[in-house]
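For reference, the structure discussed in these notes is given below.
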Amino acid sequence: MLMLPRSADFVIATLAVLKSGGCYVPVHESFPAERLRRIAAETGAALVVTDASGLPRARELDLPVVTPGDPGPAGVPASAPDVRVDPEQLAYVMYTSGSTGTPKGVAVTHRDVVELTLDRRWRGGAHACVLLHSSTAFDASTYELWVPLLTGGRLAVAPRDLDVAELRRLLAAHPVTGLWLTAGLFTVLAQEAPDCFAAVREVWTGGDVVPADAVRRVRAACPHTTVVDGYGPTEMTTFALSHPVGPAERVPDALPIGRPLDGVRRYVLDDSLDPVPPGVPGELYLAGAGLARGYTGRAGLTAERFVADPYGPAGSRMYRTGDTVRLTRDGEARFVGRADDQVKIRGFRIEPGEIAAVLAAAPGIAQAEVLVREDPAPHGGTGGTRAKRLVGYVVPEDGAAPDSTDTGALTARLAAVLPDYMVPSAFVALDGMPLTANGKVDRRALPAPDAPDVPAGTGPRTERERVLCDIFASTLGLPTVGADQGFFSLGGDSISSIQLVSAARRAGLVFAVRDVFEHRTPAGLAEIAAEADAGTAETEGDGAGMGDVPATPILAWLAELGGPVDSFHQSALLQVPAGTRDDALAGAVRAVLDHHDALRARLGADGRTLTIPPAGAHADGCLVRVDAAGLRGTGLTELVHEQARQAAAALDPRAGRMLRAVWLDRGPEESGRLLVVGHHLVVDGVSWRILLPDLAEAYGALCAGGEPALQPVRTSLRGWARTLADAARTPERTAQLGHWSRTVGGVPPLLEGRGLDAARDTHATARSLSLRLDAGTTGAVLTRVPEMFHAGVEDVLLAGLILALDGWKEHSSGNSVLVDLEGHGRRDELFPGTDLSRTVGWFTSIHPVRLDAGWLDTEDAWSGGEAAGTLLKRVKEQLRAVPEHGLGYGMLRYLNPRTAPELAGHRGAELGFNYLGRFGAAGTGDWATAPESGALGGGADPRMPLAHVLEVNSLAEDGPDGPRLVAHWRWAGELLGADRVRPLAESWFQALEALAAHAERPGAGGLTPSDIGVPSLSQDEIDELASDLEADWQK
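So the sequence shown is numbered by UniProt numbering: it starts at 1 and just counts up by one.
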C-alpha cells in the first residue's frame, strides 16, 4: 500500500514497487482506519510505504512499514532487480465507492497502462510536461504519472496546498504543457483565473458535465489552448473517450464526451444489448484497450459489471458503465445521465448507496437515503454557481421527532469510516420517506435542506476580519457572517474554499486552502493571512499607470512608418436596451475612461511616447446621442456608417481624444445601438473583450443605484512599457540578436523594381480583394490538419501561403520568403509579476519570420501528396524556432539603441500576414454585438503609408454551414495589379485544399522535432521511429 501524499517520494515509490515486480495500492490520506484495514486485507498487502505523517496510522495495520529514505535490509543490491513482468500482471489496484457500503478495488494491469500511454492523443508534445496534482488515489493520477514518464516527458509535482494563485504560479514557473482538472475545479478556474492556462497546450477536464461557458471563458483568455472533455471510468484505465475543442473550433452548447481512444470499442446498447441508432439514448458499454481485470476479491460484482462482449473477439468482455448516452450522426457520444445511482463529487466516483448503508447503521436511525443536490445558494452565492453537494436524509427510529436527530453525531460517525469527500455536507431528518405509488422512495420529493440558520455571530474587530467576513458571506451566498463562524459549518466545501482563497487574494490577503481547513473562521484566517506580495501580479499602486509612457515596439514601429495617424482606429457596435438611460450611459463611459488609463492618453510630439493624465480628464464630450427613432435595416446601417466616419474624424491623439461613443437612440420601445470608436494607439483586439463588458457592467451598476466597481487592472500600459524598455537591454534579449539578424539578412524581395514609397504607396492608393474558402476545406484547415500535425492553424495557413508563393514571386533565387507576422503581443508570462488580462491598450507585436520550403516536389504537394505534409512540418518547425513568440524582435529593433541599427539596416518584409482567429455570428440581446456589425471595424487616414507591398488578414467566420475562412488582401496599387494578386489569393486557397486532401491520406501527420524536445533527432529519424512504432502497434 502507498499511503503517501502527492510528492516526489510518491513517484519514486510507485516506480520502485513496479520495478521490483509488485503491485501498488494507493490510498487516500483521508481514508479512515477501518477502510484502510479492509483494503489491506482484501488486497493482501505485504507492506505499507508512508512518510512520517502517516506512520501512526500505518502501524495500526500490522504490516511492515517503509518510509522514504530507509536504508533497507542489509545486503540488498543497489542495482536494478532482475525481474521480468508479464503484461497481464497487475500494476495497481485503485478503490472506488461501492453501492453495498463496501468499496471496490479496480485491478489494472501493466498492459492496460501501456495501452493508455500509447494512444496517439498524447503525441505532439502537448503532454511533454504534465502537472501531477490529483489525489494519488484518484485515477487521473494514472494519466498524470504514466503518460509523461512512458512517452519521454516529465512531470511537475504540485504541492499539497493548491489554490488558484498557486496553480497560476506553478503554470508560470514550470513548462507545463498538459494537465487534467475535474469539471468542478476547471469551472472555478474559468471563473477566477481563465488566463492561467495561456502557456498550456491542452487542458483535459471531465469527471462530470463540463460547462460550455467555462470552456468559452478559458478559450477567450487562452485562444491557443485546446480544451479536451475526457471521459472514462477507473475500470477503463482513466480515459476511454475524448472530445477536443481546438483553438479555432466553436464551443458547442453541450460538450460531447467524444470518440473512443485508440483500441477502445464503444457500444451504445438497449436493455437487450442491441445497438441503438444515432439520437436514441442507450447505455454505454466499453471494451478493448484499457479494460481492467475486474474487482479484487469481488467475483460476483466483476461478473455483474464486466460482461461478455457479443460484438468483440471470442471470449472478450465489455464494461457496463451505467451511463446513458446518445450518439450523434458523426459518431460522437453525448452524455445523457446515469442509468444507476452512481455520481461524481470533486472527481471521485461515489455510490450514494454506500453512504446510505453506513448512515442507516447509525444508532437511532431507521431509514436513510443520500442524494446529490445542485440547489442554488440560498442568498445568491459567488457567481451564481450551483455546486454539487451530498445531502443525507434520515428517519429516526421508534417515532422519535426529527428535530431530536443529532446531525453532528452523524457527521462524526460517517467521518470515522468514510473519506471526507463522501461525508454529506447537510442532513435532513424526516418523519418518513416520501413514497411513489409503487411504494418506492420518491427521491424527487425529498426536500432541499433548509438554509443554515446563521446566527449573527461575533462582529469583526479589525479591518482584516471585516474584509474576510464580507468575503465569506459573498462566497457562501449568506447575508452576513460573524468573525467566529466556521466556513464549513456555514455550508462551504473544498471547491468553494478555492473561491474563498481567490477572493481574499484579490482583496490583498493571502492564505492557502489548507489554512481554511485549519483556521476556518474569519478571525482565525485574519491572524495568519499574509499581505499580497508584488510577485503575484497584484494591482499596481494608485497612480502607477499615470505619467509618461515610454515607447513600446508597436508605437515606435508606427512612428517610423510615418504619415498622419489621427484617424487610425478600431470600432465596435453594441445593442443597448430600449429606453437606455442617458445619465447611466454617460456615467458608464466616464467610469471606463477613469478605470482604463490608456483611454486618457495623449500622443507625444515624437509620435512614439504617451502621457497619461489623472482620472477625470477628457470625459466630457466622449458620448454623443443621435436620434435613430424608427430606423431599421438599410437606414440604420447607413446611419451607423456615417456616425462611425464622424467619430473617427473627431479623434485627436495629441489632444488626448482617444475614445468616442455614439448612442443611436431608437426610443423607449426599440433597442438602441452604441457605437464605440477607439484610436488604435490605445486599443487592440483583446482590449474590446475588456472594454465592452466593463461598459455593460458599469451601466448596470448605475441603473441599480450603485457605483461601478470594475475588476482591477493588475499591470498598467505604463508598467508594461517600462518592463519592455528594461528587458530590451538584458542579456536574455541581446542574445537573440543573432537569430533576428539571420532572419532578416539576405532574403531577396518578392518583386522586381522599387520598394514602397511612403508618399505614393498609401491607404488612398491601396487596392483590396476579399475571398471566402468553402466550409468543408475551412473545417479541415481549422481542425483536422492541425490536429494530425500537432500544429496550429497559423502553421497550416502559412504552409499553404508558401506553396502558393512558389512560382508567383519574381525572384527565384532560393525558396526563402520573409514574412511579417502580427500577434497579440500580450506575453506577460515572460515577465513574472505582470498580468495584462485586464489591461486596455495596443500591445500588438510584429516580427519577421523567414520561411523556406527547401527542396520540394511541388507537383506532389499540389496534389496533396507526401510533399504537402513535408512542407507543413518544415514551416511548423521554422515557426517554432522563433524565440519568445517574436516579442524580442520589437524590443531589439526599437528599444535597444545598440542593437537597433543592425536590425534597421536590412530591407523589411514586403509581405504581411495576420490570422485573427475565429469570430462567431452577431450575438443576441442587449450589450451583445449588434446585427449591423461584422467583426471589429476600423480604418486609417488615406495618406497613411502602407506597411507592406502585400498584406493578407484572415479570419474564420461562423456561418450556417460551419466556419469559412475569409481572406482580406490589400496591396500597393501602384506596384501590383489585381491581375497579379487574385491568382495568388486563389492559389492560396487551392494550396489549403491540397493540405486538407493530404490529411485524408493514410499515414498523414506525425511529430516534428519541437514536439519531442530532443534536438539530436532529425525529422527523418522521427518519421522512421513513428513508422516502426506503428508497425509494432499493428502486431
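All residues carry an ideal CB built from backbone N, CA and C; glycine is no exception.
First through last residue of the beta strand (DSSP E) which encompasses residue i
i, result
"Asp820", "816-823"
"Ala172", "That residue, Ala172, is in no beta strand (DSSP E); its alpha helix (DSSP H) goes 164-173."
"Gly353", "From DSSP, Gly353 is part of no beta strand (DSSP E) but of the alpha helix (DSSP H) over 352-360."
"Ser845", "845-852"
"Phe989", "Per DSSP, Phe989 belongs to no beta strand (DSSP E); it is in the alpha helix (DSSP H), 978-999."
"Ala426", "426-429"
Helix, strand or coil at residue i [DSSP, three-state]
i, result
"Met236", "helix"
"Glu794", "helix"
"Cys129", "strand"
"Thr765", "coil"
"Glu866", "helix"
"His739", "helix"
"Gly381", "With a pLDDT of only 46 at Gly381, under the threshold of 50, the placement of this residue in the model should not be trusted; the figure read from the coordinates follows. Three-state DSSP puts Gly381 in coil, outside helix and strand."
"His224", "coil"
"Ala537", "Low per-residue confidence applies at Ala537: pLDDT is 48, beneath 50, and the placement is therefore not dependable enough to give any value."
"Val264", "strand"
"Gly399", "helix"
"Ala935", "With a pLDDT of only 41 at Ala935, under the threshold of 50, the placement of this residue in the model should not be trusted, and no figure is reported."
"His110", "helix"
"Asp453", "Because Asp453 carries a pLDDT of 48, less than 50, the predicted location of this residue cannot be relied on, and the following value inherits that uncertainty. If DSSP states are grouped into helix, strand and coil, Asp453 belongs with coil."
"His885", "helix"
"Asp788", "Going by the sequence as given, residue 788 is Met instead of Asp. Note: Met788 maps to helix in three-state DSSP."
"Trp122", "helix"
"Thr778", "helix"
"Thr187", "helix"
"Gln1019", "helix"
"Arg444", "helix"
Environment of residue i [buried if 16+ CB atoms lie within 10 Å]
i, result
"Gly290", "buried"
"Glu369", "buried"
"Asp453", "Low confidence applies to Asp453: its pLDDT is 48, below 50, so where it sits in the model is not reliable, and the reading given next is rough at best. Answer is exposed; the Cβ neighbour count stays below 16."
"Ile355", "buried"
"Val391", "buried"
"Ala598", "buried"
"Pro233", "buried"
"Leu2", "buried"
"Thr382", "With a pLDDT of 44 at Thr382, under the threshold of 50, the modelled position of that residue is not reliable, and no figure is offered here."
"Thr1008", "buried"
"Thr14", "buried"
"Val210", "buried"
"Glu822", "buried"
"Pro103", "buried"
Bridge partner(s) assigned by DSSP for residue i
i, result
"Gln575", "Arg673"
"Thr324", "Glu283, Gly337"
"Ala254", "Pro211"
"Pro363", "In the DSSP output, where bridge partners are listed per residue, Pro363 has none listed."
"Leu665", "A quick correction: the sequence has Asp, not Leu, at residue 665. Looking at the DSSP assignment, Asp665 forms a beta bridge with Asp627."
"Asp548", "Thr611"
"Lys104", "Thr96"
"Pro945", "Thr762"
"Met3", "Thr50"
"Ser954", "Tyr915, Ala967"
"Gln89", "Bridge partners of Gln89: none, in fact."
"Ala972", "Ala766"
"Trp204", "Trp180, Val228"
Element boundaries [alpha helix (DSSP H), containing residue i]
i, result
"Asp583", "582-595"
"Ala299", "299-305"
"Arg645", "633-650"
"Arg329", "Run containing Arg329: none; DSSP gives neither H nor E here."
"Pro244", "From DSSP, Pro244 is part of no alpha helix (DSSP H) but of the beta strand (DSSP E) over 241-245."
| task | Counting only runs of 4+ residues fully inside the segment 890-925, write out the alpha helix (DSSP H) ranges in chain order. | result | 900-904
| query | Considering only residues of the segment 6-71, which uninterrupted alpha helix (DSSP H) runs meet the minimum length of 4 residues and lie entirely inside it, listed in chain order? | reply | 8-19, 33-43, 55-59
| Which runs of the alpha helix (DSSP H), 4 residues or longer, sit entirely within the UniProt domain "Carrier" (459-533)? | 463-476, 494-506, 513-519, 522-528
| task | Identify every run of the alpha helix (DSSP H) within the segment 668-725, keeping only runs that are complete inside it and at least 4 residues long; order them along the chain. | result | 685-703
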